[in-house]
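**Q**
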Amino acid sequence: RIYLDHAAAMPVHPGVLRFGRQFPGEFAGNPSTLYQEGLAAQEAVSRAREQVASLVGASDTASIVFCSGATEANNIAVRGTALRNAKRGKNVVASAIEHISVLNPAKDLQKSGFSLTLAPVDHYGTIDLDALRKAVTPETVVASVHYANNEIGTVEPVREVAEIVHDRGGILHVDATDAAGRIPIDVERDGIDLLTLSGNQLGGPQGVGALYIRPGVRVQPVLVGGGQERGLRPGTENVFSIACMGEAARLAGEEMPGESRRLRAIRDRLISGITEMEEAYLTGHPTERLPHHASFRFSRIEGESIQLAMDMLGIAVATGSACTSRTLEASHVLLAIGLAHDEAHGSMVATLGRTNSPDEVPRIVRAVEETVKRLRAITPL
Ligand code: PLP
């Protein structure tokens with residue numbers, strides 16, 4: 004089989020598996036205790052904090068808060084920051100193509116008296132900076148613009164976004180779920196106040212993530228309980244997964260230059276092979292895109308049928324949102340870049356990873372050709 008849906012789930016990195024097998028060596032206890040077993044667990048979490056901080060250029064390791072994944076990190080970032088700073092203003096800004104785990108907490112804040120402004124993007128999915136200048140006002144507490152989009156691969160001009168948000172006194176949250184470990188991120192250079200990371204997208208296990216919080220930025224917890232993770236993520240730490248996420252971050256940082264170059268070359272061959280086909284189009288930015296990401300749309304066919312047909316040919320691809328492919332609604336991302344409903348339904352997303360090789364490209368292209376031809380022959384559209 005050929006697996007092309009790394010944005011939905013990444014196989015755990017073999018180095019992380021090796022690390023996990025020998026962890027904790029001896030039983031690691033509860034990090035909140037003071038005896039040796041507890042101290043060993045504390046040490047494992049601290050090491051992971053350093054490794055994750057180092058991947059994103061965070062100089063203060065205490066700025067990393069571990070949680071259950073990108074969804075939770077996004078909720079803490081959007082909801083926790085807005086509520087904690089509500090005295091400053093009652094507006095939240097998000098780009099129109101954020102992940103639903105940003106958009107839904109932002110919409111939910113409207114019940115607490117916040118207004119939500121969606122900042123538009125152009126047909127490549129790049130945020131419209133002029134529109135953002137108007138959207139962010141002194142009333143804006145937090146603005147959320149992702150580093151890169153999971154459905155169309157477009158990388159956003161984060162530094163320019165940071166300037167605009169900071170000029171108006173706002174706090175910038177950046178969801179880097181799909182970008183971290185693929186392109187260099189530096190919270191200092193990029194001017195990021197809050198940064199979402201997913202453990203699995205770095206090559207670690209599923210169900211663990213982290214939020215970077217710039218020192219001085221005030222955030223309130225979304226869950227309440229014990230004082231773990233500075234009270235921002237109460238509950239006994241997922242020590243094993245956190246330690247594995249740390250190791251994944253270390254390996255991702257080490258391997259990123261070579262691996263991104265390798266995947267970019269496969270991606271480009273895939274894009275040129277597939278866009279040669281009739282009525283097949285690249286979605287997202289042609290150059291400012293994630294190195295492992297190739298996304299397309301085909302007229303007159305449905306993404307779900309493409310996924311099923313490709314699966315029968317032994318190839319796993321995504322359609323629509325990579326992590327919630329089961330919804331049959333047209334993707335809000337594809338609508339926001341200006342596609343009509345019927346155009347937005349025919350999407351296919353291929354996200355590459357370490358098991359993919361250039362030799363697979365001809366077979367993938369042939370499978371897409373066969374799939375599209377067969378589906379078009381039976382389409383009622
Ligand atoms: N943010 C982005 C940009 C994503 O692509 C995803 C899903 O992969 C998430 C957040 C949610 O991640 P999780 O389901 O791991 O919480």
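Counting in full-length UniProt numbering, the sequence shown runs from 4 upward without gaps. Cβ atoms here follow ideal geometry from the backbone N, Cα and C, with glycine treated the same way.
1. For the beta strand (DSSP E) holding Ala-122, just list the boundary residues, first then last.
2. Determine contact between the region 239-247 and the region 9-29, defined as no fewer than three beta-carbon pairs at a distance below 8 Å.
3. From Thr-140, Ser-98, Lys-137, pick the residue whose C-alpha is nearest to that of His-149; which is it?
4. Do Glu-154 and Ser-298 come within 8 Å of each other at the CB atom, strictly closer than that value?
5. Give a single yes or no on whether Gly-72 has its beta carbon closer than 7 Å to a heavy atom of the ligand PLP.
6. Quick one: any contact between the region 216-236 and the region 56-66, if contact means 3 or more CB pairs under 8 Å?
7. So which of Pro-365, Arg-379, Thr-358 has the shortest CA-CA distance to Pro-17?
8. Which of the three DSSP states, helix, strand or coil, is assigned to Gly-92?
9. Under a three-way DSSP split, which group does Asp-314 fall into?
10. Expressed to the nearest angstrom, what Euclidean distance is found between the alpha-carbon atoms of Ile-186 and Val-158?
11. Any heavy atom of the ligand PLP closer than 7 Å to the CB of Ala-10?
12. How far does the alpha helix (DSSP H) with Gly-256 in it extend, from its first residue to its last?
13. Per DSSP, which one or two residues make a beta bridge with Arg-292?
14. Please go through the same chain and pick out, in chain order, the residues whose beta-carbon is closer than 7 Å to the beta-carbon of Met-13, but skip the five residues on each side of it.
15. Please state whether DSSP places Val-15 in a helix, a strand or coil.
16. Return the CA-CA distance between Met-259 and Thr-36, expressed in angstroms with no decimal places.
17. Relative to the ligand PLP, is the shortest distance from any of its heavy atoms to the C-beta of Asp-178 smaller than 7 Å?
18. One question on the structure: do Val-81 and Ser-147 come within less than 8 Å of each other, judged by their Cβ atoms?
19. Put Phe-26 into one of helix, strand or coil per three-state DSSP.
20. How many Å lie between Leu-20 and Met-248 at the Cα?
21. Taking only three categories from DSSP, how would you classify Ser-57?
22. Roughly how many angstroms separate the alpha carbons of Val-177 and Glu-75, rounded to a whole number?
23. Measuring only the C-alpha atoms, how far is Gly-341 from Asp-125?
24. Considering just the uninterrupted stretch of the alpha helix (DSSP H) at Val-225, what are its terminal residues?
25. Tell me whether Asp-133 is buried or exposed, calling it buried when 16 or more other Cβ atoms sit within 10 Å of its Cβ.
26. Does the ligand PLP have even one heavy atom less than 7 Å from the beta-carbon of His-295?
27. Would you check if the distance between the CB atom of Val-95 and the CB atom of Val-144 is smaller than 8 Å?
28. Who are Thr-143's beta bridge partners in DSSP?
29. I'd like to know whether the C-beta atoms of Asn-152 and Ile-100 end up nearer to each other than 8 Å.
30. Comparing the CB of Ser-57 with every heavy atom of the ligand PLP, is any distance shorter than 7 Å?
31. Looking only at its chain, what residues have a beta carbon closer than 7 Å to the beta carbon of Glu-53, apart from the 5 residues adjacent to it on each side?
32. Closest to Val-320 by C-alpha separation, out of Leu-273, His-335, Arg-233, would be which residue?
33. Which partner residues does Gly-212 have in the DSSP bridge list?
34. Helix, strand or coil: how does DSSP classify Ile-381 here?
35. Nearest-angstrom Cα distance between Gly-261 and Ala-347?
36. Is the beta carbon of Glu-291 closer than 8 Å to that of Thr-129?
**A** Considering the structure as presented:
1. 118-122
2. yes
3. Ser-98
4. yes
5. yes
6. yes
7. Thr-358
8. coil
9. helix
10. 9 Å
11. yes
12. 242-278
13. Thr-157
14. Asn-203, Gln-204, Gly-206, Gly-356
15. coil
16. 36 Å
17. yes
18. yes
19. coil
20. 11 Å
21. helix
22. 14 Å
23. 8 Å
24. It is not in any alpha helix (DSSP H) - Val-225 carries neither H nor E in the DSSP assignment.
25. exposed
26. no
27. yes
28. Asn-94
29. yes
30. no
31. Thr-64
32. Leu-273
33. Cys-70, Ser-201
34. helix
35. 34 Å
36. yes
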